[in-house]
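Down below is the structure, laid out as structure tokens.
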Amino acid sequence: MSLILLVSVNKDSLPIYCRDSVQDAKELTKSSWNLIKTKKPILSHTISSPLNKVRATFTLTTKQINKLKNSSPGPISTFVAVSAHLWTCLAASSGEAVPDDEPELFGSPVDCRGRLDPPLPENYFGNCLIFFMASSTHGVIKGRGGFAAAVAAISAAIRETVGNERGVLDGFEHHLKDLSEYEGKRVVLIAGSTRLDPCAADYGWGRAIKYECVHTDYDGAVNLCKGRDGGVEIAIFHQHSTTKERNLTLRKGQGPQRGARHANLCPYQPEQNPLHLINSNASSVEKSSTFDLVKFLAEASTAEFIINNSALMFN
């Protein structure tokens, strides 16, 4: 006697890739290719990895994110709270002399699937993104009221991008051109999303311990994703020489002080959870609530740091 097991698959849960579902898809494709032709990208079988790179992953816990939200004048999303905090920290940690009136830009892709008319299903498997770009000045973003200013700028840019009465794709070709105009400017670009949970991907090996976004080594973007144990992970890449010129310090506190040259990417850190330093060139594990990255880079070439169960790798 044989046992036949029938497994039913819900077709609605399977990924679909049908560009015909996108309104005016042919014109969008044409606009994209016309822009690509003007750039003449060079294709290669190999990609050279940047030398002397410094990669770091920071974790903001749910409690820390809620404190950021509560400090905002109005209700904001996790993405806006994390993005505004990141933007102000990076502006405050700049080691170079930057005029206060220097433009500061912050951009991120936006999911358009549910914002099209008609909307695309959640299981649409294909690119359906558009960029928003928030703008302010260096003096405002790094200042004492920088977080509130960053929240206002990012929120306004998102509303302008997705709240267009003519549709989210109105002026799509202009958005593509705008990105090319930001080269050489002070801009923070976001990759990933606070809604993505890469550690939850099941490949049959159990839950992932650590996730790294590789392409940020080449485009300089900051990657956001859900943390393995909750919260949000922020992965940052910098050239070794650039970071050496910065006094990038992780410390306790309520936020970057005016004019200070440090990045407080892990605020509200409890006393019982210090920053753990694991130096590959040392035999012991040191503990400190404040760590000077510049001093470390001068003493060691490779190290691993752990903050709130999140690994920070420097190569």
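Offset between the sequence shown (1-based) and our numbering: plus 85. Just so you know, even glycine gets a beta-carbon here, dropped at the ideal spot from N, CA and C.
Spatial neighbours of residue i in its chain, beta-carbon cut-off 7 Å, leaving aside the 5 residues before and after
i	result
C103	none
L99	N208
A242	F217, M218, A219
T222	D185, D186, E187, P188, E189
Y296	P283, C284, C310
N119	none
I226	W172, T173, A176, E189, A234, A235
G269	none
P204	R198
H323	V139
Residue i, enclosing alpha helix (DSSP H) - first and last residue
i	result
I150	147-155
F232	231-247
I226	223-227
Terminal residues of the beta strand (DSSP E) in which residue i lies
i	result
V273	272-277
Cβ-Cβ distance between residue i and residue j below 7 Å
i	j	result
D185	G231	no
P194	L175	no
T146	G316	yes
A169	I321	no
S240	V165	yes
I319	F191	no
Close-in-space but distant-in-sequence residues of the same chain around residue i (CB under 6 Å, 5 per side omitted)
i	result
L402	The first residue shown for the chain is 86 and the last is 400, placing residue 402 beyond what the model contains.
G312	T144, E318
S156	none
A238	A219, S221
L274	G192, A306
S386	Below a pLDDT of 50, predicted positions are generally treated as unreliable, and S386, at 29, falls in that range; the measurement from the model is reported next regardless. Counting only Cβ-Cβ distances below 6 Å, and skipping sequence neighbours, we find nothing.
A293	C284
Closest Cα partner of residue i within the set the options
i	options	result
A235	V317, K154, E112, D196	K154
K124	P158, L205, E266, S106	E266
D105	D202, G289, F322, N119	D202
A233	T144, D109, G159	G159
G248	L120, R200, T114, V273	R200
W172	E268, L136, V272	V272
T138	I319, T301, N308	Looking at the sequence shown, residue 138 is not Thr but Lys. The shortest C-alpha separation from K138 is found at T301.
A306	K148, R244, G277	G277
V107	R244, C197, A293	C197
Q149	I161, L136, V167	V167
R244	W290, N212, I161, E181	I161
T279	Y288, G291, N308, A293	N308
Cutoff 7 Å: residue i Cβ touching any chain C Cβ
i	result
V167	Any reference to chain C falls outside this structure, which holds one protein chain only.
Cβ neighbours of residue i in the same chain (closer than 8 Å, five flanking residues each side left out)
i	result
I101	P206, N208, Y209, F210
N212	none
D287	none
- request: Starting from the N-terminal side, write out each stretch of the alpha helix (DSSP H) that is 4 residues or longer and does not extend beyond the region 296-325.
  value: 301-304
task: Identify every run of the alpha helix (DSSP H) within the region 162-208, keeping only runs that are complete inside it and at least 4 residues long; order them along the chain.
output: 163-177
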